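Those sequence lines, one after another, are chains A and B. Using numbering that gives the first Met the number 0, you'd call the opening residue of the first sequence number 0 and step up by one each time. Using numbering that gives the first Met the number 0, you'd call the opening residue of the second sequence number 0 and step up by one each time.
Protein chains: 2
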Amino acid sequence: MNAPAQPTACVMIIGNEILSGKTQDANLQFFGIELAKLGIKLVEARVVRDDHEMIVAQLNECRVKYTYVFTTGGIGPTHDDITAECIARAFGVPLELNANAVERLRRGRGELNEARLKMARVPAGASLIDNPISNAPGFRIGNVFVVAGIPAIARAMFHASAGELTKGAEILSAAVDVYAREGDLAASLEQIATAHPEVEIGSYPFAREGRFGASLVVRGTDAELVQRVIEEITRAMTELGGRPVRTL
Amino acid sequence: MNAPAQPTACVMIIGNEILSGKTQDANLQFFGIELAKLGIKLVEARVVRDDHEMIVAQLNECRVKYTYVFTTGGIGPTHDDITAECIARAFGVPLELNANAVERLRRGRGELNEARLKMARVPAGASLIDNPISNAPGFRIGNVFVVAGIPAIARAMFHASAGELTKGAEILSAAVDVYAREGDLAASLEQIATAHPEVEIGSYPFAREGRFGASLVVRGTDAELVQRVIEEITRAMTELGGRPVRTL
Numbered sequence: 000m001n002a003p004a005q006p007t008a009c010v011m012i013i014g015n016e017i018l019s020g021k022t023q024d025a026n027l028q029f030f031g032i033e034l035a036k037l038g039i040k041l042v043e044a045r046v047v048r049d050d051h052e053m054i055v056a057q058l059n060e061c062r063v064k065y066t067y068v069f070t071t072g073g074i075g076p077t078h079d080d081i082t083a084e085c086i087a088r089a090f091g092v093p094l095e096l097n098a099n100a101v102e103r104l105r106r107g108r109g110e111l112n113e114a115r116l117k118m119a120r121v122p123a124g125a126s127l128i129d130n131p132i133s134n135a136p137g138f139r140i141g142n143v144f145v146v147a148g149i150p151a152i153a154r155a156m157f158h159a160s161a162g163e164l165t166k167g168a169e170i171l172s173a174a175v176d177v178y179a180r181e182g183d184l185a186a187s188l189e190q191i192a193t194a195h196p197e198v199e200i201g202s203y204p205f206a207r208e209g210r211f212g213a214s215l216v217v218r219g220t221d222a223e224l225v226q227r228v229i230e231e232i233t234r235a236m237t238e239l240g241g242r243p244v245r246t247l
Numbered sequence: 000m001n002a003p004a005q006p007t008a009c010v011m012i013i014g015n016e017i018l019s020g021k022t023q024d025a026n027l028q029f030f031g032i033e034l035a036k037l038g039i040k041l042v043e044a045r046v047v048r049d050d051h052e053m054i055v056a057q058l059n060e061c062r063v064k065y066t067y068v069f070t071t072g073g074i075g076p077t078h079d080d081i082t083a084e085c086i087a088r089a090f091g092v093p094l095e096l097n098a099n100a101v102e103r104l105r106r107g108r109g110e111l112n113e114a115r116l117k118m119a120r121v122p123a124g125a126s127l128i129d130n131p132i133s134n135a136p137g138f139r140i141g142n143v144f145v146v147a148g149i150p151a152i153a154r155a156m157f158h159a160s161a162g163e164l165t166k167g168a169e170i171l172s173a174a175v176d177v178y179a180r181e182g183d184l185a186a187s188l189e190q191i192a193t194a195h196p197e198v199e200i201g202s203y204p205f206a207r208e209g210r211f212g213a214s215l216v217v218r219g220t221d222a223e224l225v226q227r228v229i230e231e232i233t234r235a236m237t238e239l240g241g242r243p244v245r246t247l
């Protein structure tokens, strides 16, 4: 009997400001954590410029590869907000003024001018995603969820969409910090990883107050197995003299 | 007379920990800022899992599209560090034990065991990139620069490689913060953007102490033009009552 297929996802971060270094992305980590809770595997992320050709090409590539694509950014009222029109082009449908979106914008502050009306133009066939913070909605078309770049709004829109997602088994993790150099623990860790291909084991080096160590992380959907493997790692690291410390 | 072509770049961030949400990427913004100083346009970034097929396919796609590719992560001694072997596969060359890299590792702490020797295996034809922090080198092969994921080491390796890069005209920026809603300033800003296609103009909304505003950014290689456009924006925003404040 096969386990049900795990849904997959890609996050597409749209915006020159992330690539110019002006802005530090603050959404990818959130998506990683939340998607894991829903049992959806975040397989890749892409950061792309405000460029029509590029957004259309990459979206069309990713939307056939993954169960879901989440885009962030580019849905505001200014000239550099081109996400909605690119997504319409990628799907080969027109942009339409959405009456429900107009109604939401009317409740917001400021004159409902041409620039603000732009935020009510969504690809034909899209459904709106609630924005509890500033009224201008996100939207969903097919397997693509289009949310704002502003972190608070991106989070709210993701939570507003979560009910529509097909979930998998929650991806759980356990971690142990070890005060040993990776070069000294690698062989032992590799043995354990080879013995347990059903879980993913990562080693992430750190230096704290001049002491070197590594955070060893086990991830998988079987809670009992994740615990068993982290205990096995903890024992092995104790034998190596690595003074393991369990973390969250 | 054409201006010399601007070099382009892609950053490929390799590591499950970034996609699981365990770790916040701390390298992309650095690359964005530093590449702009060198006049190299960072066109996209990709975050990929520790997965052979995926790394090989994406690297081969990106290395023909851009002047340079910078990869971060996956060059340590543990089982989940697979970057070097993936890059060798992408280039169709064997991994080789590099005598110079072995010598560097010998200067480091800890026994030169099999795991540490792994860090001396680089694709045939690669040249080493200095690591002033922990001895294990990065490497360059063709137009691909392979650096560590640990931010301090990624930075040092980038600076160690910068001399090898073909530079373009520095990408300069100027910014002004405006206390107005984007929906109210969009029309005026779009007029200015349309009049100056040689520069890139971005609008990034913010909320500070309950007041809404937008950071308006002009980027381009012509210092005089960037200044002229930011002044034009500042005047237009003053007329709108947006109380513009120049920022760095």
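Glycine residues also receive a C-beta, built at the ideal position from the N, C-alpha and C atoms. All values derive from a computational prediction rather than experimental measurement.
Keeping to the same chain, check which residues put their C-beta closer than 8 Å to that of residue 161 of chain A; ignore five residues upstream and five downstream. Numbered from 1 along the first sequence, position 162 holds the residue referred to as residue 161 of chain A. Answer for residue 161 of chain A: 33, 37, listed in chain order.
Find the nearest neighbour of residue 127 of chain B within the set B:115, B:234, B:159, judged by alpha-carbon distance. The residue given as residue 127 of chain B occupies position 128 in the second sequence. Comparing Cα-Cα distances from residue 127 of chain B to each of B:115, B:234, B:159, the minimum goes to B:159.
Contacts of residue 27 of chain A in chain B (Cβ-Cβ under 9 Å): Position 28 of the first sequence, counted from the start, is the residue given in the question as residue 27 of chain A. Neighbourhood of residue 27 of chain A in chain B, by CB distance below 9 Å: 17, 18, 20, 23, 24, 46, in chain order.
Have a look at B:189, B:107, B:164, B:43 and flag the residue whose alpha-carbon is nearest the alpha-carbon of residue 136 of chain B. What you label residue 136 of chain B is simply residue 137 of the second sequence in a count that begins at 1. For the residues B:189, B:107, B:164, B:43, the minimum Cα distance to residue 136 of chain B belongs to B:107.
With a 10 Å radius around its C-beta and 16 neighbouring C-beta atoms as the bar for buried, classify residue 16 of chain A as buried or exposed. The sequence position of residue 16 of chain A within the first sequence is 17, counting from 1. So residue 16 of chain A ends up on the buried side.
Taking 8 Å as the CB-CB limit, is residue 77 of chain A close to chain B? Counting from one through the first sequence, the residue named residue 77 of chain A turns up at place 78. Cβ-Cβ to chain B under 8 Å: yes for residue 77 of chain A.
For residue 214 of chain B, which option in B:224, B:222, B:236 has the closest C-alpha, if you only look at C-alpha atoms? Stepping through the second sequence from its first residue, residue 214 of chain B is reached at position 215. Minimum Cα-Cα distance from residue 214 of chain B among the listed residues B:224, B:222, B:236 corresponds to B:236.
How should residue 73 of chain A be labelled, buried or exposed, when 16 other C-beta atoms within 10 angstroms of its C-beta is the threshold for buried? Indexing the first sequence from 1 puts residue 73 of chain A at position 74. Looking at its Cβ environment, which holds 16 or more other Cβ atoms inside 10 Å, residue 73 of chain A is buried.
Option nearest residue 25 of chain B by Cα separation, candidates B:203, B:151, B:50: If you number the second sequence from 1, residue 25 of chain B lands on position 26. Nearest in C-alpha terms to residue 25 of chain B, of all of B:203, B:151, B:50, is B:151.
Using a Cβ-Cβ distance cut-off of 8 Å, determine whether residue 203 of chain B contacts chain A. Taking the first residue of the second sequence as 1, we reach residue 203 of chain B at position 204. At least one chain A Cβ lies under 8 Å of residue 203 of chain B.
Who pairs with residue 43 of chain B in a beta bridge, going by DSSP? Mapped onto the second sequence, residue 43 of chain B falls at position 44. When DSSP reads this structure, residue 43 of chain B sits in a beta bridge with A:47, B:9.
Quick one: which residues of the stretch 93-115 of chain A get their C-beta closer than 9 Å to a C-beta of chain B? List them in chain order. Result list: 104, 107, 108, 109, 110, 111, 112, 113, 114, 115.
Alpha carbon to alpha carbon, how far is residue 102 of chain A from residue 199 of chain B? Give it in angstroms, no decimals. Indexing the second sequence from 1 puts residue 199 of chain B at position 200. Indexing the first sequence from 1 puts residue 102 of chain A at position 103. Straight-line Cα distance between these residues: approximately 33 Å.
Go through its chain and collect everything with a Cβ distance to residue 204 of chain A's Cβ below 6 Å, but skip five positions before and after it. Locating residue 204 of chain A in the first sequence gives position 205, where the first residue counts as 1. For residue 204 of chain A, where only same-chain residues beyond five positions count, the Cβ hits under 6 Å are 181, 213.
According to DSSP, is residue 68 of chain B part of a helix, a strand, or is it coil? Here residue 68 of chain B is taken as the residue at index 69 of the second sequence, counted from 1. Correct three-state label for residue 68 of chain B: strand.
Test: residue 56 of chain B CB closer than 8 Å to a CB of chain A: Stepping through the second sequence from its first residue, residue 56 of chain B is reached at position 57. It does not: the Cβ of residue 56 of chain B has no partner Cβ on chain A nearer than 8 Å.
Looking at the structure shown, is residue 150 of chain B part of a helix, part of a strand, or coil, going by DSSP? Your numbering for residue 150 of chain B matches position 151 in the second sequence. Here residue 150 of chain B carries a helix assignment [DSSP, helix/strand/coil].
DSSP on residue 237 of chain A, reduced to helix/strand/coil? Residue mapping note: residue 237 of chain A aligns to position 238 of the first sequence, counting from 1. Here residue 237 of chain A sits in helix by DSSP.
Under 8 Å, with one C-beta from each stretch per pair, do the stretch 137-151 of chain A and the stretch 168-179 of chain A reach the 3-pair mark? With a cut-off of 8 Å, the stretch 168-179 of chain A and the stretch 137-151 of chain A do not count as touching, because too few Cβ pairs lie within range.
Alpha-carbon spacing of residue 191 of chain B relative to residue 50 of chain A, whole angstroms: Here residue 191 of chain B corresponds to residue number 192 of the second sequence, with the count starting at 1. Here residue 50 of chain A corresponds to residue number 51 of the first sequence, with the count starting at 1. Each residue's alpha carbon lies about 19 Å from the other.
With a threshold of 7 Å on Cβ separation, who are the neighbours of residue 154 of chain A within its own chain once the five nearest residues in sequence on each side are excluded? On the first sequence, residue 154 of chain A is found 155 positions in, with the first residue counted as 1. Excluding positions up to five away in sequence, the list reads 29.
Along chain B, which residues have their Cβ under 9 Å away from the Cβ of residue 230 of chain A? Indexing the first sequence from 1 puts residue 230 of chain A at position 231. Ordered by position in chain B, no residue passes the 9 Å Cβ test against residue 230 of chain A, which lies about 19 Å from the chain.
Partners in chain A for residue 32 of chain B, counting only beta-carbon separations shorter than 9 Å: The residue labelled residue 32 of chain B in the question sits at position 33 within the second sequence. Result: 19, 20, 21.
Stretch pair the stretch 43-61 of chain A + the stretch 77-85 of chain A: three plus CB contacts closer than 8 Å: Result yes; three or more Cβ-Cβ pairs closer than 8 Å.
Residues of chain B with a CB under 7 Å from the CB of residue 183 of chain A: which are they? In the first sequence, residue 183 of chain A corresponds to position 184, counting from 1. In chain order, 109 make up the part of chain B whose C-beta sits under 7 Å from the C-beta of residue 183 of chain A.
Locate the alpha helix (DSSP H) running through residue 127 of chain B, then write down its first and last residues. Position 128 of the second sequence, counting from 1, holds the residue named residue 127 of chain B. That residue, residue 127 of chain B, is in no alpha helix (DSSP H); its beta strand (DSSP E) goes 126-128.
At a Cβ threshold of 8 Å, is residue 119 of chain B touching chain A? Along the second sequence, read from residue 1 onward, the residue named residue 119 of chain B stands at position 120. For residue 119 of chain B, the answer is no, since every Cβ of chain A falls outside 8 Å of its Cβ.
How would you call residue 100 of chain B, buried or exposed, if buried means at least 16 neighbouring beta carbons within 10 angstroms? In the second sequence, residue 100 of chain B corresponds to position 101, counting from 1. When all chains shown are included, residue 100 of chain B counts as buried.
To the nearest angstrom, report how far apart residue 173 of chain B and residue 56 of chain B are at their CA atoms. Counting from one through the second sequence, the residue named residue 173 of chain B turns up at place 174. Counting from one through the second sequence, the residue named residue 56 of chain B turns up at place 57. The straight-line gap from Cα to Cα measures roughly 38 Å.
What is the DSSP secondary structure of residue 92 of chain B, reduced to helix, strand or coil? The residue labelled residue 92 of chain B in the question sits at position 93 within the second sequence. Secondary structure at residue 92 of chain B: coil, using DSSP grouped into helix, strand and coil.
Every unbroken alpha helix (DSSP H) inside the stretch 137-213 of chain B [4 residues or more]: Runs of the alpha helix (DSSP H) inside the stretch 137-213 of chain B: 150-160, 181-194.
If you measure from the beta carbon of residue 86 of chain A to each beta carbon in chain B, is any gap under 8 Å? In the first sequence, counting from the first residue as 1, residue 86 of chain A sits at position 87. For residue 86 of chain A, the nearest beta carbon of chain B is not closer than 8 Å to its own beta carbon.
Please say whether residue 216 of chain A and residue 166 of chain B have beta carbons closer to each other than 8 Å? Residue mapping note: residue 166 of chain B aligns to position 167 of the second sequence, counting from 1. Residue mapping note: residue 216 of chain A aligns to position 217 of the first sequence, counting from 1. For residue 166 of chain B and residue 216 of chain A, no; Cβs fall outside 8 Å.
Which residues in chain A have a C-beta closer than 9 Å to the C-beta of residue 42 of chain B? List them in chain order. In the second sequence, residue 42 of chain B corresponds to position 43, counting from 1. Under the 9 Å cutoff, chain A gives 18, 47, 48, 50, 53.
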